[in-house]
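Accompanying notes for the structure given below.
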Amino acid sequence: VQLQASGGGLVLPGGSLRLSCVASISTVSSDVMGWYRQAPGKQRELVASMRKNGNANYADSVKGRFTISRDDAKNTVLLQMNSLKPEDTALYYCHAFWISTGGFWGQGTEVTVSS
1293 VQLQASGGGL
1303 VLPGGSLRLS
1313 CVASISTVSS
1323 DVMGWYRQAP
1333 GKQRELVASM
1343 RKNGNANYAD
1353 SVKGRFTISR
1363 DDAKNTVLLQ
1373 MNSLKPEDTA
1383 LYYCHAFWIS
1393 TGGFWGQGTE
1403 VTVSS
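Residue numbers (our numbering): 1293 to 1407.
This is the structure:
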C-alpha cells in the first residue's frame, strides 16, 4: 500500500492549509485513517484520526482548528488546518490501518508556519 501526501507549504500564522493523502488501494475497508506530525527534535504524535464509521479523534492542541475527513470513493484522507500557529510547524505524515493487514505510512509533507 502506498500513501501519497501533499498540500504542505509555508504559511503565515493564522493561515490555512489543506493536506491530502491518496492511497494506492481502496480505503473503504480501512479501519482507521489519520495524520501524525513530527517536529524537529520531538517524537511523532497523532494529530487526528477517523474510523471508517466516521468517528474522529483529535489531539487537544488542534481541536477546533483542524478537521479530518475521508473520501473513500477517492481513497483519500484530508486534513483541513485553520488558524495555524508556529507550533504546528512539522513534517506531517498520513497513516492508514487495516485490522487484517496492519498500518502503512505515507511520506511526509512539510508544514511551516512562520512570519
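By construction, the Cβ of each residue, glycine as well, lies at the ideal position given by its N, Cα and C atoms.
Count the other CB atoms, across all protein chains shown, that sit within 10 Å of the CB of leucine 1302; report buried if there are 16 or more and exposed otherwise. When all chains shown are included, leucine 1302 counts as exposed.
What's the call for asparagine 1367, buried or exposed, on a 16-neighbour Cβ count within 10 Å? The residue is buried, with at least 16 neighbouring Cβ atoms inside 10 Å.
According to the Cβ coordinates, are alanine 1315 and alanine 1365 closer than 8 Å? Taking C-beta atoms as the reference points, alanine 1315 and alanine 1365 fail to come closer than 8 Å.
Does the separation of the CB atoms of aspartate 1323 and arginine 1336 fall below 8 Å? It is not a contact, given that the beta carbons lie outside the stated cut-off.
May I ask you to report which of helix, strand or coil DSSP gives aspartate 1380? In the structure shown, aspartate 1380 sits in a helix (DSSP, three-state: H, G or I).
Assuming leucine 1311 and glycine 1300 are in contact, meaning their beta carbons sit under 8 Å apart, how far apart are those beta carbons, in whole angstroms? In this structure, leucine 1311 and glycine 1300 form a Cβ contact; the two beta carbons are roughly 7 Å apart against a cut-off of 8 Å.
Buried or exposed for threonine 1319, please, with buried defined as at least 16 other CB atoms from any protein chain shown within 10 angstroms of its CB. With 16 or more Cβ atoms within 10 Å of its Cβ, threonine 1319 is classed as buried.
May I have the straight-line CA-CA distance separating lysine 1377 from valine 1293, to the nearest angstrom? Answer to the nearest angstrom: the Cα atoms are 32 Å apart.
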